[in-house]
Structures are given as structure tokens and as C-alpha cells.
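Each residue of the sequence shown is one higher than the one before, counting from 0 in numbering that gives the first Met the number 0.
Yeah, the Cβ is synthetic: ideal placement off N, Cα and C, and Gly gets one too.
Report on the following structure.
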Amino acid sequence: MEKSKKKRVRAVIMGVILLSAFYFGPSFFGGYYWTESAASEQSYHNTELVEVYRKKVDDRKVIIQDNGFLRVAKVIDRPLGLFYQVELATYVSAATSDEKMKFGWTAIQKQEEYYEVLLAVEAMDENIEKVIVTNEYPEQKDASVDELKELSDLFIEMEVENGYAAHYLELPNSEAGGFEFRGINAEGEVISES
Numbered sequence: 000m001e002k003s004k005k006k007r008v009r010a011v012i013m014g015v016i017l018l019s020a021f022y023f024g025p026s027f028f029g030g031y032y033w034t035e036s037a038a039s040e041q042s043y044h045n046t047e048l049v050e051v052y053r054k055k056v057d058d059r060k061v062i063i064q065d066n067g068f069l070r071v072a073k074v075i076d077r078p079l080g081l082f083y084q085v086e087l088a089t090y091v092s093a094a095t096s097d098e099k100m101k102f103g104w105t106a107i108q109k110q111e112e113y114y115e116v117l118l119a120v121e122a123m124d125e126n127i128e129k130v131i132v133t134n135e136y137p138e139q140k141d142a143s144v145d146e147l148k149e150l151s152d153l154f155i156e157m158e159v160e161n162g163y164a165a166h167y168l169e170l171p172n173s174e175a176g177g178f179e180f181r182g183i184n185a186e187g188e189v190i191s192e193s
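Here it is in C-alpha cells:
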């Protein structure tokens, strides 16, 4: 009788240890979490961020969160197919000189040949319906959208939804940087630029 009681106690203790490892373990292993919301919440502690934008790009989710004074864009991935991880994150805080847009971007080198890039924008002017991101050199101020398409190695067009736009992409090393953000109105005119 005493042996079976000891076995039961050991089994319960082992069960509690295993459940604790499964529940708390991912947070100790490089930012992997069981749920998407846990990954998102744990990436910026104590900021009470509310999701204001969401977009699916391939098998990743791009989100923008806001708490009234801080805006953060994140790429959430499931690289192991089971756990969630915030792969990229950037503050959306740099403002255009006319203060019609705030933007942010970040890039991390994943392989020798390319970078993973996150681009994010808050359009503070309600006339901005699209944001175009280019990397032309030298910088072309006052260029039309058609001219920008010709001059740039990179031309990304993002639709503004509820005042926000974001995009995730992979770029060759030579194109990952020097981004110019431009706000476009309904007539296709550039009304704000970084």
C-alpha cells in the first residue's frame, strides 16, 4: 500500500513539473510562446498595447499596436510550426517634416544574400490613401509616382487601413535600406514624403 502511494505522489509531482515546463517553457526559450497573443504581449512588457492593424503576409502576420503615445509594428511567425515568435519589431515614430505621417522600418539579415524587412506607417492625414516605399538614389524629391517607379530598384505600394499600413518582405542585401516613404492621395499625388 505504501509503495503505490509513493508512486502516485511521484506521478503527480512529475505531472506538475511537465505541465509547468510546457506552460512556462516557451518564454524561456528565445521568445517562443504557445499563443500568438502571448508572443505579442511579451515582446513589449507593461505597455498595454492595443492592436490597430493586422495583415497576413505569406505565413506571417504583420500587426501594429498602439497605446495612445507608442506605436509598435511586429511580424509574428511560427517558425517551428507549433510556437509563435515575434520575428521583427520596430517603433513607428519617425515623422515626415510636414508631420502628415509617422514611419518606421527594421531589417535583419537571415542569410548571406538577403534581409527580412518590416515597413510600417501611421498616416495622420486622412487624405493619405496609399503609402509608397522606394529606395531610389539619389533621392528624388517632388517626383511623380510614375517617375519613382522608373528610378527605384524597389517600389512597394501599401493601402492605408484605419490610418495604418505595414508590409513584410525579403530583399537582397543591395536593396535593404535607404527607404523613402511617400503618402499618396486619391488622385495619385504625393502629398507627404520622408
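TODO: Look at the alpha carbon of E86 and the alpha carbon of D76, and state the distance between them as a whole number of angstroms.
DONE: The straight-line gap from Cα to Cα measures roughly 6 Å.
Open item on the list: Can you check which of these residues, S96, V61, A122, A10, is closest to Q84 by C-alpha distance?
Closed with: The residue with the shortest Cα to Cα distance from Q84 is V61.
- [ ] Mind the definition here: the segment 149-162 touches the segment 32-39 only if three or more C-beta pairs lie below 8 Å; say whether that holds.
- [x] Two segments are said to touch when three or more pairs of C-beta atoms, one from each, lie closer than 8 Å; by this definition the segment 149-162 does not touch the segment 32-39.
Open item on the list: Relative to the C-alpha of E188, which candidate in D97, K101, T89, D145 has its C-alpha closest?
Closed with: Closest in C-alpha terms to E188, from the list D97, K101, T89, D145, comes D145.
Open item on the list: For the alpha helix (DSSP H) containing Q41, name the first residue and the last one.
Closed with: Counting along the chain, the alpha helix (DSSP H) containing Q41 begins and ends at 35-42.
Open item on the list: Using C-beta distances below 8 Å, list every residue in its chain close to N212, excluding the 5 sequence neighbours before and after it, in chain order.
Closed with: What is shown of the chain runs 0 to 193, which leaves residue 212 out entirely.
Open item on the list: By the three-class DSSP mapping on this structure, what secondary structure does E146 have?
Closed with: Three-state DSSP puts E146 in a helix.
TODO: Starting from the C-beta of Y113, find all residues in its chain whose C-beta is less than 7 Å away, skip the five residues before and the five after it, and write them out in chain order.
DONE: Closer than 7 Å at Cβ, skipping near neighbours: E169, L170, P171, N172.
Open item on the list: Please classify I127 as buried or exposed, where buried requires at least 16 other C-beta atoms within 10 Å of its C-beta.
Closed with: Counting Cβ neighbours within 10 Å, I127 comes out buried, since at least 16 surround it.
Task: Three-state secondary structure (DSSP) of L18 - done: Helix.
TODO: Go to A175, then tell me how far its beta strand (DSSP E) extends in each direction, as first and last residue.
DONE: A175: not part of any beta strand (DSSP E); DSSP gives it neither H nor E.
Open item on the list: For E47 and E186, I'd like the C-alpha separation in whole angstroms.
Closed with: In a straight line, the C-alpha of E47 is about 37 Å away from that of E186.
Task: Y114 - partner residues in DSSP beta bridges - done: Bridge partners of Y114: Q108, L170.
Task: CB contact flag (V130, A164, <8 Å) - done: Taking C-beta atoms as the reference points, V130 and A164 count as a pair closer than 8 Å.
Open item on the list: Using C-beta distances below 6 Å, list every residue in its chain close to D124, excluding the 5 sequence neighbours before and after it, in chain order.
Closed with: Only K99 meet the Cβ criterion.
Task: Under 8 Å between C-beta atoms of K73 and A88 - done: Yes, these two residues count as a Cβ contact at 8 Å.
- [ ] Out of N161, S191, E50, I16, point me to the one whose CA is closest to L69's CA.
- [x] Per the C-alpha coordinates, the member of N161, S191, E50, I16 positioned closest to L69 is E50.
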